[in-house]
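So in the working numbering the end of the sequence shown lands on 282, straight run, no missing numbers. Beta carbons: idealized from backbone N, C-alpha and C, even for Gly. Data block below; observations after.
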Amino acid sequence: MQLANKIALVTGAGSGIGRAAAELFACEGASVVVTDVNATTAEETAHRIAAAGGTALGLACDVSESEQIQAMMTRIEAEYGRLDVLYNNAGVSGPLGGLLDVDPADWATVMRINLDGTFWCCRAAMPLMLAGGRGAIINQSSVAALVGGGPPHLGPVTAYNASKAAVIALTRSIAYEFGDRGIRCNAILPGSVRTGMTGPALQSEKYVSAVTRSTPMGRFGEPEEVARTALFLASDAASFVTGETLVVDGGYVTAQGPVFTTVDL
């Protein structure tokens, strides 16, 4: 088992990638703290893990509230005494809109959850990790951090792109600052994945067609595929990997620009 006897925290684990990662971590031997802004879905994930023979604790936590994050870490310390893995998966896509369109309140909300939430979780978890002399942090960024536009045919998502690019800089800063104290910090950049966040857009035939045509592998990713990447970064298999951005997108960022097929030629 790759995470035997480890204590892992996964935020935004009530569904999608977070749930897949929490279940996989538990299957690989970790005791998993499952958190979500929705207490019911967090408990559902914890129950699914327990039913499969794993160990999990479900907690409600809104990562946009630093007080709730600190209370969560206090509970983890009381329950387990340490934290070995932190997967900052919680996030929101925010509204569509470019520089001149995005509402200031929407911009603030996206930043508060995607960037500030990641920052405060890392900060609150660090004392527990430092006390143990080692730890692995995985921050959820996005391929949106590498491109200027939004998903095909949906227009720009400036707030989301900016927040996810900032997560990369935060990740590298943490890796640099704490590497000599046994803490590794890496970022995952998923492409288009079938989750609740992309659910509404998946109802658009034009969107689905555009994404698959723009992705060399010709399909959407699945939550479990991103979860397996997180497992690698959390495990000792990645013991010399830190400050990295691991893109999991089926080749999407390699194909930006017009995409042609033999039918078009």
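Taking 8 Å as the cut-off, decide whether the C-beta atoms of residue i and residue j are in contact.
{"i": "Gly199", "j": "Arg140", "result": "no"}
{"i": "Gly115", "j": "Asn131", "result": "no"}
{"i": "Asn203", "j": "Leu263", "result": "yes"}
{"i": "Val210", "j": "Pro240", "result": "yes"}
{"i": "Leu26", "j": "Thr62", "result": "no"}
{"i": "Leu113", "j": "Val160", "result": "no"}
{"i": "Met128", "j": "Ser180", "result": "yes"}
{"i": "Leu163", "j": "Val270", "result": "yes"}
{"i": "Asp123", "j": "Ala59", "result": "no"}
{"i": "Ala69", "j": "Val49", "result": "no"}
{"i": "Glu40", "j": "Arg65", "result": "yes"}
{"i": "Ala43", "j": "Leu100", "result": "no"}
So which of the options has the shortest CA-CA distance to residue i?
{"i": "Ala254", "options": "Ala39, Ala153 and Gly213", "result": "Ala153"}
{"i": "Ala47", "options": "Ala67, Gly29 and Asp53", "result": "Ala67"}
{"i": "Asp133", "options": "Pro112, Pro144, Met146 and Gln157", "result": "Gln157"}
{"i": "Pro144", "options": "Asn55, Pro173, Gly213 and Thr91", "result": "Thr91"}
{"i": "Glu77", "options": "Leu100, Gly70 and Gln85", "result": "For clarity, residue 77 is Ala in the given sequence; the question names Glu instead. Minimum Cα distance to Ala77 is reached at Gln85."}
{"i": "Phe249", "options": "Gly31, Ile24, Ala38 and Val80", "result": "Ala38"}
{"i": "Gln19", "options": "Gly98, Arg236, Ser256 and Pro121", "result": "Ser256"}
{"i": "Leu219", "options": "Gly238, Ile205 and Arg65", "result": "Gly238"}
{"i": "Ala354", "options": "Gly172, Gly167 and Leu206", "result": "In the structure displayed, the chain extends from 18 to 282; residue 354 sits before or after that span and is not available."}
{"i": "Tyr193", "options": "Asn55, Gly33, Glu261 and Gly172", "result": "Glu261"}
{"i": "Ala172", "options": "Tyr224, Arg201 and Ala142", "result": "One point to set straight first is that residue 172 is Gly, not Ala, in the sequence displayed. For Gly172, the nearest C-alpha among the options comes from Tyr224."}
Would you say residue i touches the ligand ADP, meaning its beta carbon is less than 7 Å from a heavy atom?
{"i": "Ile200", "result": "As far as ligands go, the structure on display features none, and thus does not contain the ligand ADP."}
Does DSSP put residue i in a helix, a strand or coil?
{"i": "Thr52", "result": "strand"}
{"i": "Leu248", "result": "helix"}
{"i": "Gln19", "result": "coil"}
{"i": "Pro121", "result": "helix"}
{"i": "Leu113", "result": "coil"}
{"i": "Pro240", "result": "helix"}
{"i": "Gly75", "result": "strand"}
{"i": "Leu147", "result": "helix"}
{"i": "Gly176", "result": "In the sequence under discussion, the amino acid at residue 176 is Ala, which differs from the Gly named in the question. If DSSP states are grouped into helix, strand and coil, Ala176 belongs with the helices."}
{"i": "Asn203", "result": "strand"}
{"i": "Gln273", "result": "coil"}
{"i": "Asn131", "result": "helix"}
Report yes or no: is there a C-beta of chain D within less than 8 Å of the C-beta of residue i?
{"i": "Asn131", "result": "The structure shown has no chain D; it contains just one protein chain."}
Would you grab the beta carbon distance between residue i and residue j for me? Rounded to a whole angstrom, and I think it's under 8 Å.
{"i": "Asn106", "j": "Thr28", "result": "5 Å"}
{"i": "Thr259", "j": "Gly196", "result": "6 Å"}
{"i": "Ala251", "j": "Ile93", "result": "So it is not a contact: roughly 16 Å between Cβ atoms."}
{"i": "Arg236", "j": "Gly268", "result": "That belief does not hold up - the Cβ atoms of Arg236 and Gly268 are roughly 11 Å apart, past 8 Å."}
Can you say whether residue i is buried or exposed, counting buried as having 16 or more other CB atoms within 10 angstroms of its CB?
{"i": "Glu89", "result": "Before going further, note that residue 89 is Met rather than Glu in the sequence given. So Met89 counts as buried."}
{"i": "Tyr104", "result": "buried"}
{"i": "Ala125", "result": "exposed"}
{"i": "Glu222", "result": "exposed"}
{"i": "Gly213", "result": "exposed"}
{"i": "Glu96", "result": "exposed"}
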